[in-house]
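Okay, so the sequence shown: first residue is 1037 according to this note's numbering, each after it adds one. For glycine and all other residues, C-beta sits at the position ideal for the given N, C-alpha and C.
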Amino acid sequence: MPDRGPQEAVVLRRYDLTPVRDHFMYPTDRYPRWVLLAPVSGRFSYALSAETDQSRSRPFGAATGRCASGELILCPPGVRIDRELLEPSRFWFAEFDLAGGLEPWWPAGKVSVGDRQRLRANFRLLDESSAWRDPRRHHTRTHVLTDVLLTIGREHQASARPADTVAVQGAARLEQLVADPDSSVQAVADALNLSATQFTRRFREAYGVPPIRYLTELRLAKAQRLLLDTDHTVTAIAELCGYRSPFYFSRAFSKATGESPAKFRASRRV
């Protein structure tokens, strides 16, 4: 990529950070520029389809699935996107160009963001920017978009390396341990015949985060779904997500999301 400032590389054309909604205003659309669509909370289903990806002049095919917190959709120019909210949700929409003939450095379709703490910090900055005036507001929104795209590009480049099968096996074991309060990185490392230090190093190299943080993200993502999709008490949800203490669970949830579990549920149910 040419040596130029990141603010100069991305040109933000349209932007929206919605309140909680129960449906998309336009369930089907096709945009002339790149579009980023990310759930700040909640989930939506999507389908991308086009004969060609106009941004790369190659076959694009079709992609369908669900997008939840910590994930986002990058829709290339000219690609049709169909979407439907699966629950009351907030989402971030950005339509943008690349300046000076730059080529995209990110993948098209659904992307899972590894650095979710950074993504949440960017969402908070977008919320704060709504009270500001231009040009500060526009510069901030462009900065956040650029930062997210650079983060995705860096993580995608790293993920293009040959997969570490041991790290993949470790991730699968961690996913099975979400509800187990006795789970530990040491136990997973032992099962893979590695020391905890070796496993943590290899896992971080493969996924960009240490295994304990990966497990915490899985637990909190499950907690968010249970808060929105069930009437379980906070105590019951804490137990289902591997926390012995509802107080410790509430503290971890509040630190990660900026809201208590009760407030998170109340503000997103309509």
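Can you tell me whether D1089 is buried or exposed, with buried defined as 16 or more other CB within 10 angstroms of its CB?
-> Within the sequence shown, residue 1089 is the residue found at index 53, counting from 1. The predicted model places D1089 with a pLDDT of 42, which falls under 50 and marks its position as unreliable; any figure quoted below should be read in that light. Around the C-beta of D1089, 16 or more other C-beta atoms lie within 10 Å, and the residue is accordingly described as buried.
Taking 7 Å as the cut-off, decide whether the C-beta atoms of S1081 and R1102 are in contact.
-> Numbered from its first residue, the sequence shown carries residue 1081 at position 45. Numbered from its first residue, the sequence shown carries residue 1102 at position 66. The Cβ-Cβ distance between S1081 and R1102 falls below 7 Å.
Would you check if the stretch 1135-1155 and the stretch 1225-1242 touch, i.e. whether three or more CB-CB distances between them fall below 8 Å?
-> no
Taking G1299 as the reference, which of R1280, Q1260 and L1072 has the closest Cα?
-> The count along the sequence shown starts at 1 and reaches residue 1299 at position 263. Gly is not the amino acid found at residue 1299; the sequence shown has Lys there. Checked all of R1280, Q1260 and L1072; the closest Cα to K1299 is Q1260.
Leaving out the 5 sequence neighbours to the left and right, which residues in its chain are closer than 6 Å to E1255 when beta-carbon positions are compared?
-> Position 219 of the sequence shown, counted from the start, is the residue given in the question as residue 1255. Checking the sequence, you will find Arg at residue 1255 rather than Glu. Cβ neighbours of R1255 beyond the five flanking positions: V1214, C1277 and G1278.
Relative to the alpha-carbon of P1124, which residue among V1115, L1263, I1248 and L1210 has its alpha-carbon at the smallest distance?
-> The residue you call residue 1124 lines up with position 88 of the sequence shown. Ranking the options by Cα distance to P1124, first place goes to L1263.
Taking the runs of the alpha helix (DSSP H) that are 4 residues or longer, which of them lie wholly in the stretch 1042-1077?
-> 1042-1045
To which residues does DSSP link R1190 through a beta bridge?
-> Mapped onto the sequence shown, residue 1190 falls at position 154. Paired residues: none, contrary to the question.
Are the beta-carbon atoms belonging to F1239 and G1206 less than 7 Å from one another?
-> As a position in the sequence shown, residue 1239 is number 203, starting the count at 1. As a position in the sequence shown, residue 1206 is number 170, starting the count at 1. Yes, the Cβ-Cβ distance between F1239 and G1206 is below 7 Å.
Buried or exposed for L1062, please, with buried defined as at least 16 other CB atoms from any protein chain shown within 10 angstroms of its CB.
-> One-based indexing of the sequence shown puts residue 1062 at position 26. It is worth fixing the name first, because residue 1062 is Tyr in this sequence and not Leu. With fewer than 16 other Cβ atoms within 10 Å, it is exposed.
Please state if the CB of L1228 and the CB of V1245 are separated by a distance shorter than 7 Å.
-> Here residue 1245 refers to the residue found at position 209 when the sequence shown is read from its first residue. Here residue 1228 refers to the residue found at position 192 when the sequence shown is read from its first residue. No, the Cβ-Cβ distance between V1245 and L1228 is not below 7 Å.
So, using beta-carbon positions, are V1047 and D1133 closer together than 7 Å?
-> Locating residue 1047 in the sequence shown gives position 11, counting from the first residue. Locating residue 1133 in the sequence shown gives position 97, counting from the first residue. Result yes, Cβ atoms of V1047 and D1133 sit closer than 7 Å.
Can you list, in chain order, the stretches of the alpha helix (DSSP H) that have 4 or more residues and sit fully within the stretch 1158-1233?
-> 1172-1195, 1201-1212 and 1221-1227
For E1131 versus R1049, is the C-beta spacing smaller than 7 Å?
-> Looking up residue 1131 in the sequence shown gives position 95. Looking up residue 1049 in the sequence shown gives position 13. Cβ atoms of E1131 and R1049: closer than 7 Å.
Host alpha helix (DSSP H) of D1151 (start-end) | Along the sequence shown, read from residue 1 onward, the residue named residue 1151 stands at position 115. Element bounds for D1151: n/a, residue is neither H nor E.
Limits of the unbroken beta strand (DSSP E) element including D1118 | Indexing the sequence shown from 1 puts residue 1118 at position 82. Note, D1118: beta strand (DSSP E), R1116 to L1121.
Do A1045 and W1128 have their CB atoms nearer than 7 Å?
-> Against the sequence shown, residue 1045 aligns to sequence position 9. Against the sequence shown, residue 1128 aligns to sequence position 92. Not a contact, by the Cβ cut-off of 7 Å.
Can you list, in chain order, the residues of its chain whose CB lies under 6 Å from that of F1159, leaving out five sequence neighbours each side?
-> For the purposes of this step, residue 1159 is taken as residue 123 along the sequence shown, with counting starting at 1. Same-chain partners within the cutoff: V1076.
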